[in-house]
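Undergrad: Have a look at this one.
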Amino acid sequence: MSKIVISYGVPMEGFHSIAHHELIYPKALQPFSKEEMLTLLPTADAVLAVKPFDRDMVEAAKQLKLIVCYGAGYDSIDIAAATARGILVANIPSTVTAPTAELAIAHIMASARRMTELDKLVRTKPAGEVFVLGDRMGTSIEGSMLGIVGMGRIGSKVADFGRIMGMKVLYTARTPKPQRDALGDEHVSLETLMAQSDFISVHCPLTPQTKGLISRELLASAKPDAYIINTARGPVIDEEALIEALEQKRIRGAGLDVFTGEPIVDPRLLALDNVILTPHIGSNTEHARRQMAEAASAAIATMLAGGIPKNIINPEVLSS
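For what it's worth, the numbering used here labels the leading residue of the sequence shown as -17, then goes sequentially.
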């Protein structure tokens, strides 16, 4: 019997394929603390990791064979330390594609039509001050330009949704995507995308190369009526520069699900009425979370059976 540590409160019914092993998991939604993890890790064979899994944890895991990221992002895992110890790291990207893309589109639609701002007005102001024709105009989505920063699984899904709504699509990627180009999407430089898009939706992973990718200079080149949507990782955008652009109305607005200091949100963002904020809920649907648990369970089961799980982040471990 192997020992699997599940560091976060997840739908345990998704782990039926490995239920005959020793499963250690918190009894509440809050994750295990670092101190608790350091106690559990020395005898663990596999870990489902949600919160930061740093070098201390890797060093404590004397017999660990696999770390599974509960989602697509793996920036919270010390990949270098895991690789040095011969520990495989895998993610489960396909399970979060649709719900995260749906959230990005929700931010686009809510931003364009000023949904949260107007909801607050209806609840707090006299009807005569709210139901005024021509006041607080929104932005049309049909015919607008959607810029996708990172045309991977999620970016492609957002582009599909955007095209259904009549949006034209620009995108950035390391190489052109022929299947997207065949649909009429256009591969452009990031500079062109920032300057021409009405809605800029960020979908690239956080790496040393993408940290601060949406820079002060690029934000300055955006249209004054542009919206920035980020459901990827907070540090991909220069948050200080974004806040200044929002405060000074140099862009029209933003929809943010992720933040640089997460879980702390900069109080200046909280004070702005031209930004919609959600608490990192890209995969936060019941269906998606069950699928994520099942995919993580399958990855662990494959490893325990002597196989190689899908979506290995550090394949060099396999040849070492």
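Glycine included, every Cβ here is placed at the ideal spot set by N, Cα and C.
(1) Applying the criterion that 16 or more other CB atoms from any shown protein chain within 10 Å of the CB defines a buried residue, is M119 buried or exposed?
(2) Just reading off the beta strand (DSSP E) that K102 is part of, what are its end residues?
(3) Roughly how many angstroms lie between the CA atoms of A280 and L30, to the nearest whole one?
(4) Assuming M127 is part of the beta strand (DSSP E), what are its boundary residues?
(5) So L251 is in the alpha helix (DSSP H); what residue range does that whole segment cover?
(6) Excluding sequence positions up to five away, which residues of its chain have a Cβ less than 6 Å from the Cβ of T284?
(7) Please return the same chain residues whose Cβ sits closer than 6 Å to the Cβ of I210, not counting the five positions on each side in sequence.
(8) In whole angstroms, give me the CA-to-CA distance for S(-1) and L300.
(9) Starting from V112, trace the alpha helix (DSSP H) in both directions and tell me its first and last residue.
(10) Mind checking whether V71 and V50 have CB atoms under 9 Å apart?
(11) Rounded to whole angstroms, what's the CA-CA distance from S179 to R105? Just pull it up for me.
(12) In three-state DSSP terms, what is K150?
(13) Leaving out the 5 sequence neighbours to the left and right, which residues in its chain are closer than 8 Å to E111 when beta-carbon positions are compared?
(14) For L23, which three-state DSSP category applies?
(15) What do you reckon, are the CB atoms on V240 and A214 nearer than 9 Å?
(16) Where in the region 176 to 209 do unbroken runs of the alpha helix (DSSP H), each at least 4 residues long, occur, reported from the N-terminal end onward?
(17) Spatial neighbours of D207 within its chain, please: CB distance less than 6 Å, with the 5 preceding and 5 following residues excluded, ordered by chain position.
(18) So which of I282, I(-14) and N212 has the shortest CA-CA distance to P8?
(19) State the CB to CB distance for the pair T192 and V218, rounded to an integer number of angstroms; the pair is presumed to be in contact (CB under 8 Å).
(20) For my contact list, I87 and V140 are in at a C-beta cut-off of 8 Å; report their separation, rounded to the angstrom.
(21) Leaving out the 5 sequence neighbours to the left and right, which residues in its chain are closer than 6 Å to L11 when beta-carbon positions are compared?
(22) Below 8 Å on the Cβ atoms is my guess for D220 versus G243; work out the distance and round it to an integer in Å.
(23) Does the region 126 to 133 touch the region 151 to 161, meaning 3 or more C-beta pairs lie closer than 8 Å?
(24) Please report the straight-line C-alpha distance between K159 and R95, rounded to a whole angstrom.
(25) Contact defined as beta carbons within less than 8 Å: I believe G129 pairs with L175. What is the distance between those atoms, to the nearest angstrom?
(26) Tell me whether the beta-carbon of A63 lies closer than 9 Å to the beta-carbon of L48.
(27) Quick one: is A26 buried, meaning 16 or more other Cβ sit within 10 Å of its Cβ, or exposed?
(28) Taking only runs of the alpha helix (DSSP H) that begin and end inside the region 32 to 67, which ones reach a length of at least 4 residues, in chain order?
(29) Looking at the structure shown, is E173 part of a helix, part of a strand, or coil, going by DSSP?
(30) Please list the terminal residues of the continuous beta strand (DSSP E) segment that includes I258.
(31) Mind reading off the beta-carbon distance from G137 to H185? Whole number of angstroms is fine, and I expect it under 8 Å.
(32) Apply the 10 Å Cβ neighbour rule to H89 and answer buried if 16 or more other Cβ atoms are within range, or exposed otherwise.
TA: In short:
(1) Exposed: under 16 other Cβ atoms inside 10 Å.
(2) Counting along the chain, K102 falls outside any beta strand (DSSP E), though it belongs to the alpha helix (DSSP H) covering M97 to T106.
(3) 12 Å
(4) M127 to V131
(5) P249 to L252
(6) P291
(7) I182 and A236.
(8) 24 Å
(9) In this chain, the alpha helix (DSSP H) harbouring V112 covers A109 to V112.
(10) yes
(11) 33 Å
(12) strand
(13) L103
(14) helix
(15) yes
(16) Taking only runs of at least 4 residues, the alpha helix (DSSP H) segments lying wholly in the region 176 to 209 are 198 to 203.
(17) R234
(18) Closest option to P8, Cα to Cα, is I(-14).
(19) 5 Å
(20) About 6 Å; that satisfies the 8 Å criterion.
(21) Closer than 6 Å at the Cβ level, and outside the excluded window around L11, lie G(-9).
(22) Cβ atoms of D220 and G243 stay farther apart than 8 Å, at about 13 Å.
(23) yes
(24) When only Cα atoms are considered, K159 and R95 end up about 31 Å apart.
(25) 4 Å
(26) No, Cβ-Cβ distance for A63 and L48 is not below 9 Å.
(27) buried
(28) 37 to 42 and 61 to 66
(29) helix
(30) Unbroken beta strand (DSSP E) run through I258: V257 to L259.
(31) 4 Å
(32) With 16 or more neighbouring CB atoms inside 10 Å of its own CB, H89 falls in the buried class.
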